[in-house]
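Note that full-length UniProt numbering gives residue 144 to position 144 of the sequence shown, counting from 1, and the numbers run on in steps of one.
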Amino acid sequence: MPLINVIPGEKVPVAPMNLRLPAWRIPGWLLVFWWLLRGVVRLSVLAVRYWWLTAPTMAALWIWARFGWPVLVGVVLAVAGLCLGWWRWHPASWLRFGWFPVVARWRRLWVYRRGWASVMATCGLATAFAGDRYVPQLLAVRCDRFGDRVTVRMLPGQIPDDWGQAAERLAYAFRLREGRAKSTGRPDRVVLHFVRRDPLASTVKPLPVPVVPDLDGLPLGRREDGDLYRLRLAGSHVLIAGATNSGKGSVIWSLIRSLAGGVRSGLVELWAFDPKGGMELAAGVPLFARFAYDDPDSMAGVLEEAVKRMRQRAAQLRGVTRQHVPTVDEPLIVLVVDELAALTAYLTDRKVRDRIKEALGLLLSQGRAVGVHVVAALQDPRKDVLPFRDLFPTRIALRLTEPEQVDMVLGDGARNRGAVCDRIPESSPGVGYVALDGVREPVRVRFSYLSDTDIRDLGRDYRRLDDTDTGREVAA
Ligand SMILES: Nc1ncnc2c1ncn2[C@@H]1O[C@H](COP(=O)(O)OP(=O)(O)OP(=O)(O)O)[C@@H](O)[C@H]1O
């Protein structure tokens, strides 16, 4: 045992200065007066803060005292009639400016304000320092048809991810089922989104086909906030991961639909690979410049042909431009692969598998700048199944079977930031999470769903101009 305890570091004195104040004798009546004054000031502050409750109450009391209760009942009925008329005349503006602001104020007071401090403490978001307790500040509550958006000022030391991890617990504490946290433009704030009704519960109908596809924003589905989800294909490859029946087909078909205008005009060439026997993509044959299925050897051949085209194009563009612009002579080539693992992992013929892997590696690493893009779907995102995962800049995660798979697809920390793909119910195919440019948290989207008839119509209306034989199949 050491004789002397030595603690390295700077010692912080408990009280840097001791001050002895003189004792004052305060009379009792002054104390009572002080307490009364404080009470009145507090009540006045509360009355002003909750003016939307106090003002109508005061007005009602005044009308009752001045004119009697029949007039009061008349006024209440007149106000109710006005609201009803507004609702019938223009429901959207009534909900936005009339109803939801009142609901938001009520919920702020009754649901959030009431249990705020205790919920913050039990969810581990409050803290104590130097004997005082601190809770994050509730700033605003906004409501709409689908849920509540609660703006909070975080405590120093907290980051939006802390709130993302606690979001579900917070939702349950406030008697709702789903919660997500989103960062805002201000680094001290976070917005909690508590869901009452899922805005993505219903199927999204096929979106209009753009005549000229905008490669910087192809419309594929709806976002949770009601906006269109647009995917940037320019300079990218797209990986779609999802368990069986999660709706990977709907992502592929939404993408093909958004490119169909370009297929018709010759600006886009679709090369389709369907290793599962052609079941998924066969209906779109009139749209495809190449359609390879079933036979791995032929698929390897088509991939090698794509590599050849890519190299020729790279040689033409070298020194001329750094980014290919699609033309009818040199169209954008999009290779669509349904179930990538069937090409890279599950093949038994090692020689063919190596050929496919080599071609895919070259396309993924060199194709983007020369207008050769790969869009691939995958059921199992484990590393040994897909060695090329990091070569896909754009990734879409639909329903996944395990929480760990989320970060494998969307990147480290994606699940903590709210991409709970493993919680997407089987009853919501086509729902998934995507990363958006400049947005920290993954965004929930639902992709449009094309029925067999929609796909057939698409093939008929936008088939390739030089494609007169609808049964065309190219096998290397
Ligand atoms: N976006 C969507 N909206 C509504 N329903 C959808 C959507 N996408 C798919 N579905 C429904 O889910 C079913 C399965 O979808 P799909 O075949 O696309 O899944 P998948 O992930 O490709 O499955 P697998 O891996 O087995 O091929 C479809 O038959 C359809 O009924």
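Yeah, the Cβ is synthetic: ideal placement off N, Cα and C, and Gly gets one too.
Only a predicted model underlies this, so the values are computations on that prediction, with no experimental measurement involved.
Residue i and residue j closer than 8 Å at C-beta
{"i": "E426", "j": "R395", "result": "no"}
{"i": "V135", "j": "A117", "result": "yes"}
{"i": "G147", "j": "R196", "result": "yes"}
{"i": "V352", "j": "P296", "result": "yes"}
{"i": "V251", "j": "F100", "result": "no"}
{"i": "P160", "j": "R440", "result": "yes"}
{"i": "V307", "j": "I333", "result": "no"}
{"i": "A369", "j": "Q316", "result": "no"}
{"i": "A283", "j": "G459", "result": "yes"}
{"i": "K276", "j": "A376", "result": "no"}
{"i": "A171", "j": "G164", "result": "no"}
{"i": "A272", "j": "V209", "result": "no"}
{"i": "V420", "j": "P381", "result": "no"}
{"i": "V374", "j": "H237", "result": "yes"}
{"i": "P199", "j": "E224", "result": "yes"}
{"i": "L360", "j": "T348", "result": "no"}
{"i": "R464", "j": "A289", "result": "yes"}
{"i": "P206", "j": "L450", "result": "yes"}
Pairwise C-alpha distance: residue j and residue i
{"i": "G301", "j": "L228", "result": "37 Å"}
{"i": "R113", "j": "V150", "result": "11 Å"}
{"i": "R96", "j": "F194", "result": "18 Å"}
{"i": "L192", "j": "V152", "result": "8 Å"}
{"i": "residue 497", "j": "S254", "result": "No answer is possible for residue 497: the residues shown for the chain start at 1 and end at 476."}
{"i": "L125", "j": "E404", "result": "25 Å"}
{"i": "V40", "j": "V71", "result": "31 Å"}
{"i": "G242", "j": "E10", "result": "55 Å"}
{"i": "G235", "j": "V337", "result": "18 Å"}
{"i": "T401", "j": "L155", "result": "35 Å"}
{"i": "V268", "j": "M310", "result": "14 Å"}
{"i": "L82", "j": "L46", "result": "29 Å"}
{"i": "V102", "j": "A92", "result": "15 Å"}
{"i": "L363", "j": "S202", "result": "37 Å"}
{"i": "V111", "j": "F174", "result": "7 Å"}
{"i": "K182", "j": "R257", "result": "31 Å"}
{"i": "P326", "j": "D390", "result": "26 Å"}
{"i": "Q137", "j": "G185", "result": "17 Å"}
{"i": "R350", "j": "R189", "result": "54 Å"}
{"i": "L61", "j": "R42", "result": "22 Å"}
{"i": "R38", "j": "W52", "result": "23 Å"}
{"i": "R25", "j": "V32", "result": "14 Å"}
Proximal residues to residue i (C-beta, below 7 Å), its chain only, five neighbours per side dropped
{"i": "R145", "result": "R197"}
{"i": "A78", "result": "none"}
{"i": "G249", "result": "E280"}
Ligand 2 heavy atom lying under 7 Å from the CB of residue i
{"i": "G242", "result": "Absence of ligand 2 from the depicted structure is noted, with ligand 1 being the only ligands included."}
Cutoff 6 Å; reference residue i; Cβ partners in own chain excluding five residues on either side
{"i": "D294", "result": "G277"}
{"i": "W87", "result": "W94"}
{"i": "W64", "result": "L72"}
{"i": "L247", "result": "Just to set this straight, residue 247 is Gly in the shown sequence, not Leu. Around G247: L398, P429, G430."}
{"i": "D274", "result": "E280, L281, Y293, D338"}
Assumed close pair residue i, residue j - CB separation to whole angstroms, cut-off 8 Å
{"i": "L220", "j": "L233", "result": "The Cβ separation is near 10 Å, so there is no contact."}
{"i": "Y433", "j": "R444", "result": "6 Å"}
{"i": "R222", "j": "V211", "result": "R222 to V211, Cβ: 21 Å. No contact."}
{"i": "G266", "j": "V328", "result": "4 Å"}
Close Cβ partners of residue i (< 8 Å) along its chain, the five nearest in sequence each way excluded
{"i": "A128", "result": "Y134"}
{"i": "G98", "result": "C83, W86, W87"}
{"i": "G413", "result": "D161, D407"}
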